[in-house]
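Q:
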Amino acid sequence: MDVVLLSRLQFAATTMFHFLFVPLTLGLSILVAWMETRYARTGDEVYLRMTKFWGKIFLINFAVGVVTGITLEFQFGTNWSQYSAYVGDIFGSLLAIEATAAFFLESTFIGIWIFGWKRLSAKAHAAVMWMVAIAGNASAIWILIANAWMQHPVGYTLRESFGGQRAEITDFMAVITQKFAWLTIMHTLAASIVLACFFVMGISAWHLLKKQHEEVFTRSFRMALVPGLIFSIFVAVQGDFHAVDVAHSQPAKMAAMEFHWETQPNAPSYIFAWPDPEAEKNSIEIGKIPGMLSFLIHHDFSTPVTGLKDFPKDERPPIAIVGMAFRVMVALGAYFIIACSIGWFFRKRLQEKPWYLKMMLWSIPLPYIATQAGWIVTEVGRQPWIVYGLMKTSDAVSPVSTGQVGASFVGFIVVYGLLGLAGFTMIAKKAMKGPDLPEETKA
Amino acid sequence: MELQVIWFFLWGLLWAAYFMTDGFDLGVGALYPFLGRDETDKRKMINAIGPLWDGNEVWLITAGGVTFAAFPLVYATMFSSLYTPLMFILFGLIIRGVSFEFRGLSENRLWKKTWDTCIFVGSVTPAILFGVAFANIFMGIPIDGKGIFHGNLFTLLNPYGIMGGLLFLLLFMHHGALWLCIRTKEGLQERSIHTAKVLWPVMLVVLAVFVISSWFYTDLYANYLVTPLLFAVPLLAVAAFAGARIFLAKGKFFPAWGMSSAGIVATTFFGIIGLFPNLFPSSLSPEYSLNLMNSSSSPLTLTIMLWVVVIIVPLVIAYQSWAYYIFRFKVEEEDFTY
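Going down the list, the protein sequences come from chains U and A.
Taking this note's numbering, the leading residue of the first sequence gets 1, the next gets one more, and so forth.
Taking this note's numbering, the leading residue of the second sequence gets 1001, the next gets one more, and so forth.
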């Protein structure tokens, strides 16, 4: 294997592993802060037990998320040094701002939250959790702005510098306010809330099925149901706007998402298809809806949509992966709305509907699959570019040896594998054990 | 003053801040199997750094991020040529970070022992390797005109590099022992005081040997010879460490730790000043060296980032100081959150 492929695999594996933990951190921090606020305002012990129980799960998840995030920043330097030199002026500053303006806040306040139960008043302690939640989400916003610049570079100029070309910033405001970034941010943050809500509902369902800690878990379930419903609808509607924007800013990605080969008016969409990149057509096409793609993108059935054949062969993303991931994401997105709507209908008599509780328990992994699929569409869909239209991934790699990357990749697989195993086992154990009894909570 | 010069020293200052803050966390981790004799002591040691280590580690992320933003070519060359040691540092920091959390949740003794080992290994490895890396940067790294590294991990493990690693480990262990004096009492505190006293002369001898061998191994002294006033900085380091010992003898632990902090910052700046204007010198030829002019970002980026730093870093220092203030008390058994 060559260095480019190994480095890509390593980066993909470490990022996707990191993102198994990030969305829960983002969404659950808000829910825990909300629970703790209710405790601080009402003094109701049940809210304290909820805060402690979900807070503990949050912390295990946070620990793994945080340590796996560190490696990502450094991999740009270790594995993608040509990229780093090319875009450091813009991309590097966004990462640095993230660390300075958001990550510091999150990391410092999480320490205060964990160890400050006895040192702070209930209200101050709840405020600390809000700081963690806000800082965590702010941190995600900066990272997503940086990622959006790779997807849709703006506000820069290319200059000769130190014997090579690089992108230099010309308009900072354009970089941080661009539409692509904010569409991604809304989509990702809302999806994180959906994931956290399904997580809370799923674990609550498990306890409700066993008829234990019913007060804690009916409240938890209902507290997650409302944002779960609102945001699963929001993600779907907003995702549509996002896709329309992608069609304009990254037409090759859109064509891959839809297995769309020929530039044509009245462009169709398929329920299912399978591409044959060699023959430049689809080998399987099921459920053709004529004009649907044109309508979705241009809101008009006849406007032509650019097909894959309009791009040189070496500028097309891996079509099968992108298209399948897109379908998985969309199908699951639809499922989330349905699942939450059913819950809303039964919200007052959840215990009487064990089939629904079972369904929600088994739904826990689904938002994880959906968010991973979303990132596959975004990142694999951008290939072969590392910066869309500007720099190819193959030109971005470090001048390091295959052996070094191979060894570190094996190291990552071993360390992350054990970390994932330990982390998920502990989350599951803690989740199944349930909250502490009332007298144990007051530590 | 030119933007690049300001950024050069900010770059040095961020690394110094990282060594000063996470230094005592790593030091406590390195002392952990020796001072943590029973379960209560171990938990006290973890709780002594527990509320703060995460925030401290962000100084590393910021130092890395700022290198990326202000000197992208240095960032690219530094981390790709130091690939292997950096990976070991990252793995160390990863297993250490989760161990604090995982240990508290493990009830099984075998698991607890595993996480104990991870805390130790995950603290010692980064401490040593940061020293090895910086000593090698002071010496110059075998990089060519394209930033390609001609060497391997063993190139870095030369006598001077190893001395740097040993020096960092000792500085951090001493720093960590002083922190434990602040946050513990009775048996554990007495042992920490004793440890700090034993480590102190060893640390100073290694520091002296390192500073003297820098004359033979590196070009750090060139700037000092041009401006002899700069010798104040290494002298300041020695004075600070002397102060740390005096305060320790008087039982004034917080000032002693403060002095140790100043000593670590001054030691870092001994190297940073010697490097100037280079950030990443090449040992193959001076013309391949990366300096503050040939590797910096555009003036606009440097200006934007300067505003970010000027506005936000004081805020960071303010709320981190508040966190230090909240957790200034002695760790009691009833404080065990885990």
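Even glycine gets a Cβ: it sits at the ideal position worked out from N, Cα and C.
If you're wondering where the values come from, they're calculated on a predicted model, not measured in any experiment.
1. Give the secondary structure of G307 of chain U by DSSP, where H, G and I count as helix, E and B as strand, and everything else as coil.
2. Please check if any C-beta of chain A sits within less than 9 Å of the C-beta of I386 of chain U.
3. State the beta-bridge partners of A167 of chain U as determined by DSSP.
4. With F1149 of chain A as the anchor, note down where its alpha helix (DSSP H) starts and where it stops.
5. Please report the straight-line C-alpha distance between K56 of chain U and Y1075 of chain A, rounded to a whole angstrom.
6. Please report the Cβ distance between I110 of chain U and F62 of chain U, rounded to the nearest whole angstrom; I am assuming they are in contact, meaning their Cβ atoms lie under 8 Å.
7. Going by beta carbon distance, what residues of the same chain come within less than 6 Å of Y416 of chain U, once the five residues before and after it are set aside?
8. If L293 of chain U sits next to A252 of chain U, beta carbons under 8 Å apart, how far is it from one beta carbon to the other, in whole angstroms?
9. Short of 7 Å in beta carbon distance, which residues of its chain neighbour A1237 of chain A, apart from the five on each side in sequence? Order them along the chain.
10. Helix, strand or coil: which one does DSSP assign to F1327 of chain A?
11. Give the list of continuous beta strand (DSSP E) stretches no shorter than 3 residues that lie fully inside the stretch 242 to 318 of chain U.
12. For T1084 of chain A, which residues in the same chain have their Cβ closer than 6 Å to its Cβ, ignoring the five residues on either side in sequence?
13. When the Cα of P1352 of chain A is compared with those of A:M1259, A:S1282, A:N1136, which residue comes out closest?
14. Just mark R159 of chain U as buried or exposed, buried being the case when its beta carbon has 16 or more other beta carbons within 10 Å.
15. Run through chain D and tell me which residues come within less than 7 Å of A99 of chain U, C-beta to C-beta.
16. Kindly give me the distance between the Cβ atoms of I1143 of chain A and Y1018 of chain A, rounded to whole angstroms, as I take these residues to be in contact under 8 Å.
17. Could you check where the alpha helix (DSSP H) with N1056 of chain A kicks off and where it finishes?
18. What is the DSSP secondary structure of M1305 of chain A, reduced to helix, strand or coil?
19. Kindly provide the ranges of any beta strand (DSSP E) runs that are 3 or more residues long and lie completely inside the stretch 347 to 406 of chain U, ordered along the chain.
20. Looking at the structure shown, is S1296 of chain A part of a helix, part of a strand, or coil, going by DSSP?
21. Count the CB pairs spanning the stretch 1127 to 1141 of chain A and the stretch 1101 to 1115 of chain A that are closer than 8 Å, and state whether there are at least three.
22. From the beta carbon of D1054 of chain A, is the nearest beta carbon of chain U less than 9 Å away?
23. Kindly indicate if chain A contains any beta-carbon less than 9 Å away from that of M426 of chain U.
24. Nearest-angstrom Cα distance between K353 of chain U and L208 of chain U?
25. Indicate whether F1172 of chain A and F1024 of chain A have their beta-carbon atoms separated by less than 9 Å.
26. Return the residue from the list U:K118, U:E106, U:N147 that minimises the CA-CA distance to E129 of chain U.
27. Beta-carbon separation of G27 of chain U and F199 of chain U under 9 Å?
28. What would DSSP say about N1291 of chain A, mapped onto helix, strand or coil?
29. Ignoring anything shorter than 4 residues, give me the alpha helix (DSSP H) runs that lie fully in the stretch 1156 to 1231 of chain A, in order along the chain.
30. Assuming I319 of chain U contacts A256 of chain U (C-beta within less than 8 Å), just tell me the rounded distance between them.
31. Nearest-angstrom Cα distance between T306 of chain U and W149 of chain U?
32. With a cut-off of 9 Å, does the C-beta of I1193 of chain A fall near any C-beta of chain U?
33. Looking only at its chain, what residues have a beta carbon closer than 8 Å to the beta carbon of A1222 of chain A, apart from the 5 residues adjacent to it on each side?
34. Just the C-alpha distance for S139 of chain U and F21 of chain U, rounded to the nearest angstrom, thanks.
35. Among A:E1101, A:L1013, A:G1064, whose alpha-carbon lies nearest the alpha-carbon of G423 of chain U?
36. If we cut at 9 Å on Cβ distances, does I1148 of chain A have a partner in chain U?
A: So, from the listed chains and residues:
1. Within the first sequence, residue 307 of chain U is the residue found at index 307, counting from 1. Three-state result, G307 of chain U: coil.
2. Residue numbering aside, residue 386 of chain U sits at position 386 when the first sequence is read from its first letter. Chain A, which has no Cβ nearer than 9 Å to the Cβ of I386 of chain U, makes this no.
3. The residue labelled residue 167 of chain U in the question sits at position 167 within the first sequence. A167 of chain U is bridged by DSSP to U:L158.
4. Looking up residue 1149 of chain A in the second sequence gives position 149. Membership of F1149 of chain A in any alpha helix (DSSP H) is not indicated, and neither H nor E is assigned to it by DSSP.
5. The residue given as residue 56 of chain U occupies position 56 in the first sequence. The residue given as residue 1075 of chain A occupies position 75 in the second sequence. Each residue's CA atom was taken as its position, placing K56 of chain U and Y1075 of chain A some 37 Å apart.
6. Counted from its first residue, the first sequence places residue 110 of chain U at position 110. Counted from its first residue, the first sequence places residue 62 of chain U at position 62. At roughly 7 Å, the Cβ-Cβ gap stays under 8 Å, so I110 of chain U and F62 of chain U are in contact.
7. As a position in the first sequence, residue 416 of chain U is number 416, starting the count at 1. Within the same chain, F17 come within 6 Å of Y416 of chain U by CB-CB distance, once the 5 residues on both sides are set aside.
8. One-based indexing of the first sequence puts residue 293 of chain U at position 293. One-based indexing of the first sequence puts residue 252 of chain U at position 252. Taking a contact as a CB-CB distance under 8 Å, the pair L293 of chain U and A252 of chain U does not count as one, their CB atoms being some 14 Å apart.
9. Position 237 of the second sequence holds residue 1237 of chain A. Once the five neighbours on either side are set aside, the close Cβ partners of A1237 of chain A are G1263, A1266, T1267, F1270.
10. The residue given as residue 1327 of chain A occupies position 327 in the second sequence. Looking at F1327 of chain A - three-state DSSP - the assignment turns out to be coil, as it is neither helix nor strand.
11. Segments of the beta strand (DSSP E) lying fully in the stretch 242 to 318 of chain U: 269 to 276, 281 to 289.
12. What you label residue 1084 of chain A is simply residue 84 of the second sequence in a count that begins at 1. Within the same chain, T1084 of chain A has close Cβ partners L1153.
13. The question about residue 1352 of chain A has no answer, for chain A in this structure spans 1001 to 1338.
14. Position 159 of the first sequence, counting from 1, holds the residue named residue 159 of chain U. R159 of chain U comes out exposed.
15. Of the protein chains in this structure, namely U and A, none is chain D.
16. For this step, residue 1143 of chain A is matched to residue 143 along the second sequence. For this step, residue 1018 of chain A is matched to residue 18 along the second sequence. I1143 of chain A to Y1018 of chain A, Cβ: 23 Å. No contact.
17. Reading the second sequence from its first residue, position 56 is the one you call residue 1056 of chain A. Here the alpha helix (DSSP H) through N1056 of chain A covers 1053 to 1070.
18. Here residue 1305 of chain A refers to the residue found at position 305 of the second sequence. M1305 of chain A falls in the helix class under three-state DSSP.
19. List check, beta strand (DSSP E) in window: 385 to 387.
20. The residue labelled residue 1296 of chain A in the question sits at position 296 within the second sequence. In the structure shown, S1296 of chain A sits in coil (DSSP, three-state: anything other than H, G, I, E or B).
21. Per the Cβ contact rule, the stretch 1127 to 1141 of chain A is not in contact with the stretch 1101 to 1115 of chain A (fewer than 3 Cβ pairs under 8 Å).
22. Counting from 1 along the second sequence, the entry for residue 1054 of chain A is found at position 54. Taking 9 Å as the threshold, the shortest C-beta distance from D1054 of chain A to chain U falls below it.
23. Your numbering for residue 426 of chain U matches position 426 in the first sequence. Judged by the 9 Å Cβ criterion, M426 of chain U is in contact with chain A.
24. On the first sequence, position 353 is the one that residue 353 of chain U refers to. On the first sequence, position 208 is the one that residue 208 of chain U refers to. If I take the Cα positions, the gap works out to 10 Å.
25. As a first step, residue 1172 of chain A must be located in the second sequence, where it is residue number 172. As a first step, residue 1024 of chain A must be located in the second sequence, where it is residue number 24. In contact: F1172 of chain A and F1024 of chain A (Cβ atoms closer than 9 Å).
26. Position 129 of the first sequence, counting from 1, holds the residue named residue 129 of chain U. A small fix is needed here, since residue 129 of chain U is Met in this sequence, not Glu. For the residues U:K118, U:E106, U:N147, the minimum Cα distance to M129 of chain U belongs to U:E106.
27. Along the first sequence, one-based indexing puts residue 27 of chain U at 27. Along the first sequence, one-based indexing puts residue 199 of chain U at 199. Yes, the Cβ-Cβ distance between G27 of chain U and F199 of chain U is below 9 Å.
28. Translated into positions along the second sequence, residue 1291 of chain A becomes position 291. DSSP places N1291 of chain A in strand when its eight states are reduced to three.
29. Taken in chain order, the complete alpha helix (DSSP H) segments of 4 or more residues contained in the stretch 1156 to 1231 of chain A are 1159 to 1183, 1186 to 1217, 1221 to 1226.
30. Along the first sequence, one-based indexing puts residue 319 of chain U at 319. Along the first sequence, one-based indexing puts residue 256 of chain U at 256. Yes, they are in contact, since the Cβ atoms of I319 of chain U and A256 of chain U sit about 5 Å apart, within 8 Å.
31. Within the first sequence, the letter at position 306 stands for residue 306 of chain U. Within the first sequence, the letter at position 149 stands for residue 149 of chain U. For T306 of chain U and W149 of chain U, the distance between alpha carbons rounds to 23 Å.
32. Numbered from its first residue, the second sequence carries residue 1193 of chain A at position 193. Closer than 9 Å: no.
33. Residue numbering aside, residue 1222 of chain A sits at position 222 when the second sequence is read from its first letter. Contacts found: G1274.
34. Translated into positions along the first sequence, residue 139 of chain U becomes position 139. Translated into positions along the first sequence, residue 21 of chain U becomes position 21. Separation of S139 of chain U and F21 of chain U (C-alpha to C-alpha, rounded to the nearest whole angstrom) is 14 Å.
35. Looking up residue 423 of chain U in the first sequence gives position 423. Cα-wise, what sits closest to G423 of chain U is A:E1101.
36. Start at 1 with the first residue of the second sequence, and residue 1148 of chain A comes out as number 148. Taking Cβ atoms only, chain U reaches closer than 9 Å to I1148 of chain A, which makes this a yes.
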